[in-house]
Amino acid sequence: MEIVKVSGIELAYTRRGTGKPLMLIHGFPLDHTSWNEAASLLENDFDLLLPDLRGFGKSTTVAGPYSMSDMADDLAALLDHLGIEKTVIVGHSMGGYVALAFARKYPQRVSGLALVSSQAAADPPDRKEGRYKTAQDVTEKGVGVVAEAMTPKFSANADVQAFAKAVIQKQSQAGVSGALKAMAEREDATTLLPAFKFPVVLVHGSADALIPAERAQEIKAILPAAQLVMIEGAGHVPMMEFPKETAEALKRLG
Ligand code: MLT
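Dropping the structure here:
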């Protein structure tokens, strides 16, 4: 991985493939490796950028609090460093919240947007409270609490569960709790959607146990021009469970 210093953070990223720029942003509490299989299927069509968000993978973190918008700033700084003016931006779940924060702040830098297993709505109060409790648990007991609780909800596929669990166990307590607080405080992006001037693709698993498929349908209702690709039988991590179908859906932004 390459490392670039932005906002006091060492931000790690991988760049592979050739073609139109496309950034793949991972979800919580994973890292860029969650995109590995899908990236292999996209690298002949796109100049792929796979960052580790601050606090995840090989990227360092800073003392919180920080926001989804700060994470979007890190990615804008990464694009500046690489001389990439405009990119397709793809976010899985929390990565989708970061993608929406990026689109809010840097719309002129977005040539297309895909939300994979994500949503535009902010957290209701009980979910927000739950995130702060989980952040406390992670600080006291380690990231294992999140690995145990989340992995079964990611997918019914045992291999995918095992891969995801191993990735989660490598993450830092500070990064995981920092991201939980940032997700809790994220802005609602629903009202932002109609202003999008770029193509939008929504990829969702019909069996997503963490963010129900209705969240993608709600976005489609607000943004009728968006293309919704519902992957039958996929859970919360379609790029790991159905990499071919996910990659094909993302190629619509090529
Ligand atoms: C994710 O997969 O990034 C998280 O489940 C998103 C969330 O908790 O809202």
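First residue of the sequence shown? That's 451 in the working numbering, and the numbers climb one at a time after it. No residue lacks a Cβ here, since even glycine has one placed at the ideal position from N, Cα and C. This structure is a prediction, so every number in the text was calculated from the model and none was measured.
Query, Result
"Helix, strand or coil for Val-618 per DSSP?", "First, the residue type needs correcting, since residue 618 is Ile and not Val in the sequence shown. It is helical."
"Which of the three DSSP states is assigned to Gly-467 in this structure?", "coil"
"For the beta strand (DSSP E) that contains Val-538, what are its first and last residues?", "537-542"
"Using the three-state DSSP reduction, which class does Phe-705 fall into: helix, strand or coil?", "Here the chain covers residues 451 to 704 and nothing more, so residue 705 does not appear."
"I need the straight-line Cα distance from Pro-674 to Val-512, nearest angstrom please.", "39 Å"
"Closer than 6 Å: is that where the CB of Gln-477 sits relative to any heavy atom of ligand 1?", "The question names Gln, but residue 477 in the sequence shown is Gly. Checking the Cβ of Gly-477 against ligand 1 gives yes."
"Give me, in chain order, the residues of the same chain whose beta-carbon lies closer than 8 Å to that of Val-593; leave out the 5 immediate sequence neighbours on both sides.", "Pro-479, Ile-618, Gln-619, Gln-621, Ser-622, Gln-623 and Val-626"
"Return yes when the C-beta of Met-544 is under 6 Å from any heavy atom of ligand 1, and no when it is not.", "yes"
"With Gln-677 as the anchor, note down where its beta strand (DSSP E) starts and where it stops.", "677-681"
"Taking the alpha carbon of Gly-469 as the point to measure from, which residue in Asp-495, Pro-644, Ile-453 and Val-454 has its own alpha carbon closest?", "Asp-495"
"Counting contacts by CB-CB distance shorter than 7 Å, is Asp-530 in contact with chain D?", "No chain D is part of this structure, which consists of one protein chain only."
"Can you name, in chain order, every residue of its own chain whose Cβ lies under 6 Å from the Cβ of Val-456, other than the five neighbours on each side?", "Asp-524 and Ala-527"
"Is His-686 helix, strand or coil when you go by DSSP?", "coil"
"Quick one: is Thr-589 buried, meaning 16 or more other Cβ sit within 10 Å of its Cβ, or exposed?", "exposed"
"Answer yes or no: do Gly-562 and Val-538 have a C-beta to C-beta separation smaller than 7 Å?", "yes"
"Are there any heavy atoms of ligand 1 lying less than 6 Å away from the beta-carbon of Leu-660, as far as the coordinates show?", "yes"
"Identify the continuous beta strand (DSSP E) that holds Pro-501 and give its terminal residues.", "496-501"
"For the alpha helix (DSSP H) containing Lys-508, list its first residue and its last residue.", "Here Lys-508 belongs to no alpha helix (DSSP H), and DSSP marks it neither H nor E."
"Alpha carbon to alpha carbon, how far is Gln-586 from Thr-700? Give it in angstroms, no decimals.", "Sequence inspection shows Leu at residue 700; the Thr mentioned does not correspond to that position. The straight-line gap from Cα to Cα measures roughly 36 Å."
"When the Cα of Arg-665 is compared with those of Gly-628, Asn-607, Val-566 and Met-689, which residue comes out closest?", "Val-566"
"Measuring CB to CB, does Asp-502 end up less than 7 Å from Pro-471?", "no"
"Within 10 Å of its beta-carbon, does Pro-688 have 16 or more other beta-carbons around it, so buried, or fewer, so exposed?", "buried"
"Skipping 5 residues on each side, what residues in its chain have a beta carbon closer than 8 Å to that of Gln-558?", "Lys-536"
"Can you give the Cα-Cα distance for Ser-543 and Glu-460, rounded to whole angstroms?", "23 Å"
"Using a threshold of 7 Å, state whether the C-beta atoms of Met-473 and Lys-508 are closer than that.", "no"
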